[in-house]
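Chemist:
Protein chains: 6
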Amino acid sequence: MRALYLGRFNPPHIGHQKVLEYILDQQDIDEIIVLIGSGEKAYSLKNPFTGGERVEMMTKLVQSSFDLSKFYIIAIPDINRNTIWPAHVIDLVPPFDVIYTNNSLVQQLFQNLSNKQVRETPLIERDKYSGKIIRNNIVNGKKWKHLVPSEVYSLIKKYGGVERIIALTVSDEVIE
Amino acid sequence: MRALYLGRFNPPHIGHQKVLEYILDQQDIDEIIVLIGSGEKAYSLKNPFTGGERVEMMTKLVQSSFDLSKFYIIAIPDINRNTIWPAHVIDLVPPFDVIYTNNSLVQQLFQNLSNKQVRETPLIERDKYSGKIIRNNIVNGKKWKHLVPSEVYSLIKKYGGVERIIALTVSDEVIE
Amino acid sequence: MRALYLGRFNPPHIGHQKVLEYILDQQDIDEIIVLIGSGEKAYSLKNPFTGGERVEMMTKLVQSSFDLSKFYIIAIPDINRNTIWPAHVIDLVPPFDVIYTNNSLVQQLFQNLSNKQVRETPLIERDKYSGKIIRNNIVNGKKWKHLVPSEVYSLIKKYGGVERIIALTVSDEVIE
Amino acid sequence: MRALYLGRFNPPHIGHQKVLEYILDQQDIDEIIVLIGSGEKAYSLKNPFTGGERVEMMTKLVQSSFDLSKFYIIAIPDINRNTIWPAHVIDLVPPFDVIYTNNSLVQQLFQNLSNKQVRETPLIERDKYSGKIIRNNIVNGKKWKHLVPSEVYSLIKKYGGVERIIALTVSDEVIE
Amino acid sequence: MRALYLGRFNPPHIGHQKVLEYILDQQDIDEIIVLIGSGEKAYSLKNPFTGGERVEMMTKLVQSSFDLSKFYIIAIPDINRNTIWPAHVIDLVPPFDVIYTNNSLVQQLFQNLSNKQVRETPLIERDKYSGKIIRNNIVNGKKWKHLVPSEVYSLIKKYGGVERIIALTVSDEVIE
Amino acid sequence: MRALYLGRFNPPHIGHQKVLEYILDQQDIDEIIVLIGSGEKAYSLKNPFTGGERVEMMTKLVQSSFDLSKFYIIAIPDINRNTIWPAHVIDLVPPFDVIYTNNSLVQQLFQNLSNKQVRETPLIERDKYSGKIIRNNIVNGKKWKHLVPSEVYSLIKKYGGVERIIALTVSDEVIE
Numbered sequence: 000m001r002a003l004y005l006g007r008f009n010p011p012h013i014g015h016q017k018v019l020e021y022i023l024d025q026q027d028i029d030e031i032i033v034l035i036g037s038g039e040k041a042y043s044l045k046n047p048f049t050g051g052e053r054v055e056m057m058t059k060l061v062q063s064s065f066d067l068s069k070f071y072i073i074a075i076p077d078i079n080r081n082t083i084w085p086a087h088v089i090d091l092v093p094p095f096d097v098i099y100t101n102n103s104l105v106q107q108l109f110q111n112l113s114n115k116q117v118r119e120t121p122l123i124e125r126d127k128y129s130g131k132i133i134r135n136n137i138v139n140g141k142k143w144k145h146l147v148p149s150e151v152y153s154l155i156k157k158y159g160g161v162e163r164i165i166a167l168t169v170s171d172e173v174i175e
Numbered sequence: 000m001r002a003l004y005l006g007r008f009n010p011p012h013i014g015h016q017k018v019l020e021y022i023l024d025q026q027d028i029d030e031i032i033v034l035i036g037s038g039e040k041a042y043s044l045k046n047p048f049t050g051g052e053r054v055e056m057m058t059k060l061v062q063s064s065f066d067l068s069k070f071y072i073i074a075i076p077d078i079n080r081n082t083i084w085p086a087h088v089i090d091l092v093p094p095f096d097v098i099y100t101n102n103s104l105v106q107q108l109f110q111n112l113s114n115k116q117v118r119e120t121p122l123i124e125r126d127k128y129s130g131k132i133i134r135n136n137i138v139n140g141k142k143w144k145h146l147v148p149s150e151v152y153s154l155i156k157k158y159g160g161v162e163r164i165i166a167l168t169v170s171d172e173v174i175e
Numbered sequence: 000m001r002a003l004y005l006g007r008f009n010p011p012h013i014g015h016q017k018v019l020e021y022i023l024d025q026q027d028i029d030e031i032i033v034l035i036g037s038g039e040k041a042y043s044l045k046n047p048f049t050g051g052e053r054v055e056m057m058t059k060l061v062q063s064s065f066d067l068s069k070f071y072i073i074a075i076p077d078i079n080r081n082t083i084w085p086a087h088v089i090d091l092v093p094p095f096d097v098i099y100t101n102n103s104l105v106q107q108l109f110q111n112l113s114n115k116q117v118r119e120t121p122l123i124e125r126d127k128y129s130g131k132i133i134r135n136n137i138v139n140g141k142k143w144k145h146l147v148p149s150e151v152y153s154l155i156k157k158y159g160g161v162e163r164i165i166a167l168t169v170s171d172e173v174i175e
Numbered sequence: 000m001r002a003l004y005l006g007r008f009n010p011p012h013i014g015h016q017k018v019l020e021y022i023l024d025q026q027d028i029d030e031i032i033v034l035i036g037s038g039e040k041a042y043s044l045k046n047p048f049t050g051g052e053r054v055e056m057m058t059k060l061v062q063s064s065f066d067l068s069k070f071y072i073i074a075i076p077d078i079n080r081n082t083i084w085p086a087h088v089i090d091l092v093p094p095f096d097v098i099y100t101n102n103s104l105v106q107q108l109f110q111n112l113s114n115k116q117v118r119e120t121p122l123i124e125r126d127k128y129s130g131k132i133i134r135n136n137i138v139n140g141k142k143w144k145h146l147v148p149s150e151v152y153s154l155i156k157k158y159g160g161v162e163r164i165i166a167l168t169v170s171d172e173v174i175e
Numbered sequence: 000m001r002a003l004y005l006g007r008f009n010p011p012h013i014g015h016q017k018v019l020e021y022i023l024d025q026q027d028i029d030e031i032i033v034l035i036g037s038g039e040k041a042y043s044l045k046n047p048f049t050g051g052e053r054v055e056m057m058t059k060l061v062q063s064s065f066d067l068s069k070f071y072i073i074a075i076p077d078i079n080r081n082t083i084w085p086a087h088v089i090d091l092v093p094p095f096d097v098i099y100t101n102n103s104l105v106q107q108l109f110q111n112l113s114n115k116q117v118r119e120t121p122l123i124e125r126d127k128y129s130g131k132i133i134r135n136n137i138v139n140g141k142k143w144k145h146l147v148p149s150e151v152y153s154l155i156k157k158y159g160g161v162e163r164i165i166a167l168t169v170s171d172e173v174i175e
Numbered sequence: 000m001r002a003l004y005l006g007r008f009n010p011p012h013i014g015h016q017k018v019l020e021y022i023l024d025q026q027d028i029d030e031i032i033v034l035i036g037s038g039e040k041a042y043s044l045k046n047p048f049t050g051g052e053r054v055e056m057m058t059k060l061v062q063s064s065f066d067l068s069k070f071y072i073i074a075i076p077d078i079n080r081n082t083i084w085p086a087h088v089i090d091l092v093p094p095f096d097v098i099y100t101n102n103s104l105v106q107q108l109f110q111n112l113s114n115k116q117v118r119e120t121p122l123i124e125r126d127k128y129s130g131k132i133i134r135n136n137i138v139n140g141k142k143w144k145h146l147v148p149s150e151v152y153s154l155i156k157k158y159g160g161v162e163r164i165i166a167l168t169v170s171d172e173v174i175e
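Residue numbers (numbering that gives the first Met the number 0), protein chains in the order written: chain A, 0 to 175; chain B, 0 to 175; chain C, 0 to 175; chain D, 0 to 175; chain E, 0 to 175; chain F, 0 to 175.
Structure follows, in structure tokens:
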């Protein structure tokens, strides 16, 4: 059975890695679609990395820990209409059976407006592994290397991600 | 003469009913267009109901208290450009002569950018009858049945509106 | 049971009237949603009338022949993505059970991507009653009054529809 | 009184120059807004030049023959909804009184949906001076230098416009 | 060399005038493109004036103090995707060499995603000359005439700008 | 070095497979991004398969013949503005160095508006291996199994692709 797992992954971190591990451990799950939301957003404090960069980072994370051939890694743009968002997702990824999410709105939408099964994921030390904490640590000059896989760390360095995020704290709108 | 009355109607309530009564009472008004704004927004705390659900609720409200043949009940999407919004409205509803609104921006736009007459509506116990109060009462487990017509109450129950709104308090964005 | 019937209705004509009659005659159908597609298109040869004008014409057609309280008459904009169009429709109209359409794509989309029942409508003298024929007759100065209900005829006259359509034959793009 | 004159200007040519001359010659016209439509379209056979390039070419044309301080030269994107297009235009240019156009749709829209005066322009040897003829001559290696002011000719050369248009004859869609 | 200078100019003021003076003073700069961002936004507290009004005000400001033939004054709509915004700008203005901006995001975007040179402008008494201060002074009935060139003052009066801004303090969303 | 290879892949076929082989054979190319254009289009004669289905088919094609870990397979939506399309592509895929394309517009755009290297691909029996031929063969009941890898054949069968394409020949617009 194919599962879909959703996030913004700005950046992908060890918490995500552990959730993927958990999902792959389920007896009835063979394959995972990792769906990167807000794929068209970038160079903002909340979404510093481009959709393409996040695809690359997630691919490297998956390659380092899992069998890549069990994964689809796909970024999609926001559509900004909740009620048609499930149809938007279903359109842009390969067919799937179950969606893993703790977001109560996503749960409602897929339950009310599609025929997909909805399951929750375990919470993996959310006060430690979170995109927001990592971005804040980068801004504040705190340690963050241990929160991401080493492949992701290298890519963030290569993208100039640290300088980018610090510049964004001064302004993250082109028209202020 | 045909009047236009504008709101989001999330949900339609007894305050709206009383304003419609007031407008129909005007000697020079024969027909009313009820214009449901933000018709494409739904499953959010501010706009929990779909455009289609709001059309249905408003139709039942009108049927129960007025002569339906005097009404047009129309939902339109937002266009997010104030200066062309009057043209957007005029495009999507039957011709009309006067707009009833207390919104000072809408008043300015129709006065400056169209040739429609603008009139104010009486304020009907705004601290009692308001969509926001009804949504808050639902969230907080307070009474709200007396604030909406019974037909609207039944439809909200049928839509699973109470469960929906409570779920939205946990999250109302698909990509958090 | 509530049925949805879809068209562009440029303009509504006697063929549409007969299809509505047929649908209402079905034992299991109580109410009809008349869905006006391409509601945001107007002042073109294919779609000369605005969404608002089409709502008004269809409402008058229904009022003259049927019990208006059994109808919802709703115009929606195009979304230009076939796979999410069923979700777009479902969002903008009251809940319904069955869709009446002879369009093979719409049939496929609702069968594959929603849980709505799909039914066909009878073809009512398509070589006589068709929006295209009416628009062509207007352009060519041929008779068309007998093809639309008298209420629709009056409204087209009131809108300046004949002059409008003739002007559109010269140009129907603002930027040529 | 301020006039608005509309075109796509791909590229601006001597026919346009003569029409501007004619409009400025009107006793009641002091200033002209030159409105460049489809400003967001470029690198296609119909619209080879960018909005920015067309602004530059038109500015140089005006500077060489007229008093620039009487002109506003503005490119706007298409909005693809005829009925709100006049409001879109009015929003994006300084206030004006009269629109010069021979397009029958534009005439209808401004007459029905705005309070602007509409006037026609003389036709200046349309079988000689036309954007389409110039683009075709470029494609077919025929003479076109005499059809545009020398400033425009120089800019087209500088943009690599000849090579661009020839490449577009092979393909003008990125996704074929 | 041609420079681009970016702002929202709601309204243009004496601070902008001084920056333009500074840029024109640079030995290597011959011409300036004044780029008006958020050109499609208007009738809001942050952007009270239309794109067209801002083009007119800026043109009058430039005419009164500089040689207009050295300027291009262009309003563009927002595109809401940071990473493609430099391409959007480059598409809609004549070719340029250097961008003057103090916005750190704009600096990053043009440095990372284009080949334009980036320079900073001096800060001209930002606690005195700022659009926000002018709009606030208008709202609060404080003096603001000395903060804008007299041509801009006259135009704001002519647009009914004072009444407009005061009305916007009551509401600046058509659908509240 | 990372290469980008672009197509619509409706469906992926043996011609694409051979081009991928050719690109991977280049000494300086290590990795390929397969970019699926018009990813949001589906259920039309030109684009019968969804973006998600095309990602799945292409992934299976790559898995069967190449080392998947050298590939990124990404579908992106059209943006309908040629001049910003290169920036759109660059935003949504991992960083790359060279684009392989025979489309002369794409070549121009990347040469003029980006700093990517452009290369041509060999033409692999275009009169045999082409999406259009495959879709036509399906419509006309001719053989097409030999034109696609067996994995792609199985998926098309599983999607109901044959029935879908045949239905689309009757109508491929929801609003006719």
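Backbone N, C-alpha and C define an ideal beta-carbon position, used for all residues, glycine too.
DSSP beta-bridge partners for F:Tyr71?
Modeler: The residue labelled residue 71 of chain F in the question sits at position 72 within the sixth sequence. Looking at the DSSP assignment, F:Tyr71 forms a beta bridge with F:Ile32.
Chemist: What are the boundary residues of the alpha helix (DSSP H) that A:Leu5 is part of?
Modeler: Sequence index remark: in the first sequence, residue 5 of chain A carries index 6 (1-based). A:Leu5 -> not in any alpha helix (DSSP H); beta strand (DSSP E) instead, spanning Arg1 to Gly6.
Chemist: Please check the pair C:Asn8 and C:Met57, which I expect to be a contact at CB under 8 Å, by giving their CB distance rounded to whole angstroms.
Modeler: The residue labelled residue 8 of chain C in the question sits at position 9 within the third sequence. The residue labelled residue 57 of chain C in the question sits at position 58 within the third sequence. Residue 8 of chain C is actually Phe in this sequence, not Asn. Correct: roughly 6 Å between the Cβ atoms.
Chemist: Express the C-alpha separation of E:Asp77 and E:Pro47 in angstroms, rounding to a whole number.
Modeler: Numbered from 1 along the fifth sequence, position 48 holds the residue referred to as residue 47 of chain E. Numbered from 1 along the fifth sequence, position 78 holds the residue referred to as residue 77 of chain E. Taking the straight line from one Cα to the other gives about 16 Å.
Chemist: Starting from F:Ile89, follow the alpha helix (DSSP H) in both directions and report where the run begins and ends.
Modeler: The residue you call residue 89 of chain F lines up with position 90 of the sixth sequence. Here the alpha helix (DSSP H) through F:Ile89 covers Trp84 to Leu91.
Chemist: For a contact meaning CB atoms closer than 7 Å, what does D:Ile174 contact in chain E?
Modeler: Here residue 174 of chain D corresponds to residue number 175 of the fourth sequence, with the count starting at 1. The premise fails here: D:Ile174 is roughly 17 Å from chain E at the closest Cβ pair, so nothing lies under 7 Å.
Chemist: Excluding the 5 residues preceding and the 5 following F:Lys59 in the sequence, name in chain order all residues of the same chain whose CB lies nearer than 6 Å to its CB.
Modeler: What you label residue 59 of chain F is simply residue 60 of the sixth sequence in a count that begins at 1. Closer than 6 Å at the Cβ level, and outside the excluded window around F:Lys59, lie Glu150.
Chemist: On the three-state DSSP scale, how would you describe D:Tyr128?
Modeler: Counting from one through the fourth sequence, the residue named residue 128 of chain D turns up at place 129. Coil.
Chemist: Determine, using beta carbons only, whether F:Ser170 comes closer than 8 Å to chain C.
Modeler: Here residue 170 of chain F refers to the residue found at position 171 when the sixth sequence is read from its first residue. At least one chain C Cβ lies under 8 Å of F:Ser170.
Chemist: Give the interface partners of E:Ala41 over in chain F, defined as CB-CB distance under 7 Å, in chain order.
Modeler: Within the fifth sequence, residue 41 of chain E is the residue found at index 42, counting from 1. Residues of chain F passing the Cβ test: none, with the nearest at roughly 23 Å.
Chemist: Please classify D:Arg125 as buried or exposed, where buried requires at least 16 neighbouring CB atoms within 10 angstroms.
Modeler: Residue mapping note: residue 125 of chain D aligns to position 126 of the fourth sequence, counting from 1. By the 16-neighbour rule on beta-carbons within 10 angstroms, D:Arg125 is exposed.
Chemist: So if I threshold CB-CB distances at 8 Å, which residues from the region 25 to 52 of chain E count as touching chain B?
Modeler: Residues Glu39, Lys40, Ala41, Tyr42, Ser43 and Thr49.
Chemist: At a Cβ threshold of 8 Å, is D:Val92 touching chain E?
Modeler: For this step, residue 92 of chain D is matched to residue 93 along the fourth sequence. D:Val92 counts as touching chain E.
Chemist: Can you name, in chain order, every residue of its own chain whose Cβ lies under 8 Å from the Cβ of B:Ile133, other than the five neighbours on each side?
Modeler: Here residue 133 of chain B corresponds to residue number 134 of the second sequence, with the count starting at 1. Excluding residues within five positions, the ones whose Cβ falls inside 8 Å are Pro10, His12, Trp143, Leu146 and Val147.
Chemist: So, are the CB atoms of F:Leu108 and F:Asn139 less than 8 Å apart?
Modeler: What you label residue 108 of chain F is simply residue 109 of the sixth sequence in a count that begins at 1. What you label residue 139 of chain F is simply residue 140 of the sixth sequence in a count that begins at 1. No, the Cβ-Cβ distance between F:Leu108 and F:Asn139 is not below 8 Å.
Chemist: Could you work out which residue in D:Gln16, D:Gln25 and D:Gly14 is closest to D:Ala2 when comparing CA atoms only?
Modeler: Within the fourth sequence, residue 2 of chain D is the residue found at index 3, counting from 1. With distances taken between Cα atoms, D:Ala2 lies closest to D:Gln25.
Chemist: So for C:Gln62, helix, strand or coil by DSSP?
Modeler: As a first step, residue 62 of chain C must be located in the third sequence, where it is residue number 63. Note: C:Gln62 maps to helix in three-state DSSP.
Chemist: Could you run through the region 112 to 128 of chain B and flag, in chain order, every residue whose CB is less than 8 Å away from some CB of chain D?
Modeler: Leu112 and Asn114
Chemist: Pull the bridge partners of E:Val97 from the DSSP assignment, please.
Modeler: As a working mapping, residue 97 of chain E is identified with position 98 in the fifth sequence. DSSP, once it has assigned bridges, lists E:Ala2 and E:Gln116 as partnering E:Val97.
Chemist: Name the chain E residues that come within less than 9 Å of B:Leu3, Cβ to Cβ?
Modeler: The sequence position of residue 3 of chain B within the second sequence is 4, counting from 1. Here the premise fails: no neighbours, minimum Cβ distance about 13 Å.
Chemist: Does the distance from the C-beta atom of F:Ile72 to that of F:Gly36 stay below 8 Å?
Modeler: As a position in the sixth sequence, residue 72 of chain F is number 73, starting the count at 1. As a position in the sixth sequence, residue 36 of chain F is number 37, starting the count at 1. Cβ distance not < 8 Å, so F:Ile72 and F:Gly36 don't count as in contact.
Chemist: In this structure, does DSSP put B:Asn42 in helix, strand or coil?
Modeler: Indexing the second sequence from 1 puts residue 42 of chain B at position 43. Note that residue 42 of chain B corresponds to Tyr in the displayed sequence, not to Asn. Coil.
Chemist: Quick one: measure Cβ to Cβ for D:Tyr21 and D:Pro121, integer angstroms, because I've assumed they're closer than 8 Å.
Modeler: Counting from 1 along the fourth sequence, the entry for residue 21 of chain D is found at position 22. Counting from 1 along the fourth sequence, the entry for residue 121 of chain D is found at position 122. With a Cβ gap of about 6 Å, D:Tyr21 and D:Pro121 count as contacting.
Chemist: What does E:Arg7 reach in chain B if we use C-beta pairs closer than 7 Å?
Modeler: The residue labelled residue 7 of chain E in the question sits at position 8 within the fifth sequence. What E:Arg7 touches in chain B: nothing, since even the nearest Cβ is about 15 Å away.
Chemist: Report the neighbours of A:Gln62 on chain F: residues whose CB is nearer than 9 Å to its CB, in chain order.
Modeler: On the first sequence, residue 62 of chain A is found 63 positions in, with the first residue counted as 1. Those within 9 Å of A:Gln62 in chain F are Ser68.
Chemist: Given a cut-off of 8 Å, decide if B:Val169 and A:Ser103 are closer than it, judged by their beta-carbon atoms.
Modeler: Here the question's residue 103 of chain A lines up with position 104 in the first sequence. Here the question's residue 169 of chain B lines up with position 170 in the second sequence. Contact flag set, yes.
Chemist: Can you grab the Cα-Cα spacing for the pair D:Gly51 / A:Lys156, in whole Å?
Modeler: As a position in the fourth sequence, residue 51 of chain D is number 52, starting the count at 1. As a position in the first sequence, residue 156 of chain A is number 157, starting the count at 1. C-alpha separation (whole angstroms): 36 Å.
Chemist: Just curious, the alpha helix (DSSP H) that F:Val169 is in, first and last residue?
Modeler: Residue 169 of chain F sits at position 170 when you count from the first residue of the sixth sequence. It spans Gly160 to Val169 - the alpha helix (DSSP H) in which F:Val169 sits, taken as one unbroken run.
Chemist: Could you pull out every residue in the same chain whose Cβ sits closer than 8 Å to the Cβ of B:Val61, ignoring the five residues on either side in sequence?
Modeler: Looking up residue 61 of chain B in the second sequence gives position 62. Leu19, Val33, Leu67, Phe70 and Ile72.
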